[in-house]
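Trainee: Numbering follows this note's numbering, with no gaps: position 37 of the sequence shown is 42.
The beta carbon of each residue, even a glycine, is placed where N, CA and C say it ideally should be.
As the structure is a computational prediction, the values presented were derived from the model and not from experiment.
Next up is a structure, given as structure tokens.
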Amino acid sequence: MKFIDKNTVQLHKVINKLDSFVFKFKEILEKHTDYVIVSGYVAILLGRSRGTDDVDFIIPRLTKEQLAALHKDLVEAGFWCLNSSKLGDLYDLLTLKHSIRFAVDKTVSPNSEVKFSKDVYDDASLKNPLIIKLGSKQLKTSPLELQIAYKEEVLKSNKDLEDAEHLRLIAEGHLNEHLINEYKKSLKGGN
Numbered sequence: 006m007k008f009i010d011k012n013t014v015q016l017h018k019v020i021n022k023l024d025s026f027v028f029k030f031k032e033i034l035e036k037h038t039d040y041v042i043v044s045g046y047v048a049i050l051l052g053r054s055r056g057t058d059d060v061d062f063i064i065p066r067l068t069k070e071q072l073a074a075l076h077k078d079l080v081e082a083g084f085w086c087l088n089s090s091k092l093g094d095l096y097d098l099l100t101l102k103h104s105i106r107f108a109v110d111k112t113v114s115p116n117s118e119v120k121f122s123k124d125v126y127d128d129a130s131l132k133n134p135l136i137i138k139l140g141s142k143q144l145k146t147s148p149l150e151l152q153i154a155y156k157e158e159v160l161k162s163n164k165d166l167e168d169a170e171h172l173r174l175i176a177e178g179h180l181n182e183h184l185i186n187e188y189k190k191s192l193k194g195g196n
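So this is what it looks like as structure tokens:
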């Protein structure tokens, strides 16, 4: 892994089945909207050895028509929605700050968990993503500082704390500790 600049990382790794699933989903998603990947898959992508059943995507709020077009393209590409096949149900879930999940037909895992941006942290991630390059491909994730702060201050499970520790180790010398602490204070205060 090499930091090209503070917002771009070049990875040198073999793309595995989970990565291929993520790229397939992402390539359809980005035809319709912006996105950022958050949570456990970021640590896994960056070398942490653990499994996951889902990959979390945050997207800006879409209109029902935009969601319909995205849903149509996903279904045509061989995905299905685990929550419902009814567009109205899916849109209602998203607008009520719930997620919807897509997997390859006849499977449930791995799946892409899609949520509308719900707060200033999601908005900040969408506006200032970390670009992770793998050869000619790339993914957008939330900034590592926000990932770490959220896992250490909000989630706090053993798995999340280990993810945060891994991110700290692999990005040592490239993290803004002041920013991590500011995020933690803000998250603790509920802002």
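Output the residue ranges of the alpha helix (DSSP H) runs that lie fully inside the stretch 84-126 and measure 4 residues or longer, sorted by chain position.
Mentor: Taking only runs of at least 4 residues, the alpha helix (DSSP H) segments lying wholly in the stretch 84-126 are 92-100.
Trainee: Tell me where the beta strand (DSSP E) around L139 begins and ends.
Mentor: Run containing L139: L135 to L139, per the beta strand (DSSP E) assignment.
Trainee: Run through DSSP, which three-state label would K142 get?
Mentor: Three-state result, K142: strand.
Trainee: Between which two residues does the alpha helix (DSSP H) carrying I185 extend?
Mentor: Its alpha helix (DSSP H) spans residues E182 to K193.
Trainee: Apart from the five residues just before and just after D61, which ones in its own chain have a Cβ nearer than 6 Å to its Cβ?
Mentor: For D61, where only same-chain residues beyond five positions count, the Cβ hits under 6 Å are V43, S44 and E118.
Trainee: Run through DSSP, which three-state label would K11 get?
Mentor: Three-state DSSP puts K11 in coil, outside helix and strand.
Trainee: State the Cα-Cα distance for the pair L98 and S89, rounded to the nearest angstrom.
Mentor: C-alpha separation (whole angstroms): 10 Å.
Trainee: Figure out for me which residue from M6, I153, Y155 and I136 has the closest Cα to the Cα of K145.
Mentor: The option with the nearest alpha carbon to K145 is I136.
Trainee: Around the C-beta of E249, are 16 or more other C-beta atoms found within 10 angstroms, so that it is buried, or is it exposed?
Mentor: The structure shown has nothing for residue 249, since the chain only spans 6 to 196.
Trainee: With DSSP as the reference, label L16 as helix, strand or coil.
Mentor: Note: L16 maps to strand in three-state DSSP.
Trainee: DSSP state of D39, grouped into three classes?
Mentor: DSSP places D39 in coil when its eight states are reduced to three.
Trainee: Judging by CA-CA distance, which residue of I153, V80 and S141 is the nearest neighbour of L180?
Mentor: Closest option to L180, Cα to Cα, is I153.
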